[in-house]
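Residue numbers (this note's numbering): 18 to 260.
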């Protein structure tokens, strides 16, 4: 049986809204299809604002030839998600709202988009000196573990941890949002494409060849402006280290 051709993203999204949320106050299409980064596995990310909803919810389904992720909110519940996303420095919902293409609007979406854009422009909360010191310690500890590891399996996962906390350190100390999964590289690119390339190459060389030199050089370069590696565990305080 011949497979039905999937609808274009905007057409599919608009039909989905018309079918399931005809009375919503607003709806947006966001995600990779909006950014021009869609792949054959991409889905449609839809943000719904409906004041008849008691609370927020998320659901995944397949319609009109597309996997669809729905992020549904009433006209106040989204604010708690904005706040929590910004607190963790990964502004998923503000980014979706800010970049999203409007599918439906009964006079509420533009103000919510402006609210999201202001949060993105503001950036994450600045790290305190104590937090920077604590993060330096964790990075130094992971780097030391990687340098000393002779077990390939262990080294792979130490490197994974080191990559994440190093990307976090670079972005947070420079006032930028962090990422997770594919958004780690995207967030680094948003900060500095040259550094992002250097970052990816260092870990790629390690994963392909086992050579740690480029990773060590990269991490030392990141830590150097803040005093370099830190191994003085006692100076950080037992309480903070055990959190």
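Ideal Cβ placement from N, Cα and C applies to all residues, glycine included. On a predicted model such as this, the values are computed, not experimentally measured, just so you know.
Just to confirm the assignment: which complete alpha helix (DSSP H) runs, minimum length 4, are found wholly within the region 83-144?
Those alpha helix (DSSP H) runs which fall completely within the region 83-144 and span 4+ residues are 94-104, 109-116, 126-139.
Assign residue 246 to one of three DSSP states: helix, strand, or coil.
Residue 246 sits at position 229 when you count from the first residue of the chain shown. Residue 246 falls in the coil class under three-state DSSP.
Who are the near neighbours of residue 229 in its chain, counting only those whose CB is closer than 7 Å to its CB and skipping five residues on each side?
On the chain shown, position 212 is the one that residue 229 refers to. Hits under 7 Å: 163, 164, 223.
For residue 83 and residue 145, I'd like the C-alpha separation in whole angstroms.
Residue numbering aside, residue 83 sits at position 66 when the chain shown is read from its first letter. Residue numbering aside, residue 145 sits at position 128 when the chain shown is read from its first letter. Near 44 Å, if we compare the C-alpha coordinates of residue 145 and residue 83.
What three-state label does DSSP hand residue 70 in the structure shown?
Locating residue 70 in the chain shown gives position 53, counting from the first residue. In this structure, residue 70 counts as coil in the three-state DSSP scheme.
For residue 62, list the residues DSSP reports as bridge partners.
Position 45 of the chain shown, counted from the start, is the residue given in the question as residue 62. For residue 62, which the question treats as bridged, DSSP gives the partners 47, 86.
For the region 199-215 against the region 166-176, do three or more pairs of beta-carbon atoms, one drawn from each stretch, fall closer than 8 Å, so that the two count as touching?
no
Smallest Cα separation from residue 71: which of 35, 183, 89, 113?
One-based indexing of the chain shown puts residue 71 at position 54. When only C-alpha atoms are compared, the closest one is 89.
For residue 152, is the classification buried or exposed, using 16 other Cβ atoms within 10 angstroms of its Cβ as the cut-off for buried?
Residue numbering aside, residue 152 sits at position 135 when the chain shown is read from its first letter. Buried, because 16 or more other Cβ atoms sit within 10 Å of the Cβ of residue 152.
Going along the chain, which residues of its own chain have a beta-carbon closer than 7 Å to the beta-carbon of residue 106, five neighbours each way excluded?
Locating residue 106 in the chain shown gives position 89, counting from the first residue. So the qualifying residues of the chain are 141, 189, 194, 195.
Pairs of beta-carbons, one from the region 58-71 and one from the region 113-130, closer than 8 Å: are there three or more?
Enough Cβ pairs lie closer than 8 Å, so yes.
Any idea what DSSP makes of residue 78, helix, strand or coil?
Sequence index remark: in the chain shown, residue 78 carries index 61 (1-based). Three-state DSSP puts residue 78 in a strand.
Determine the closest residue to residue 241 out of 198, 101, 74, 183, with distance taken between C-alpha atoms.
As a working note, residue 241 is residue 224 in the chain shown. Looking from the CA of residue 241, the closest CA among 198, 101, 74, 183 belongs to 183.
With DSSP run on the structure shown, which of helix, strand or coil describes residue 195?
Translated into positions along the chain shown, residue 195 becomes position 178. Note: residue 195 maps to coil in three-state DSSP.
So, using beta-carbon positions, are residue 334 and residue 85 closer together than 8 Å?
Any answer about residue 334 is impossible in this case: the structure gives the chain only from 18 up to 260.
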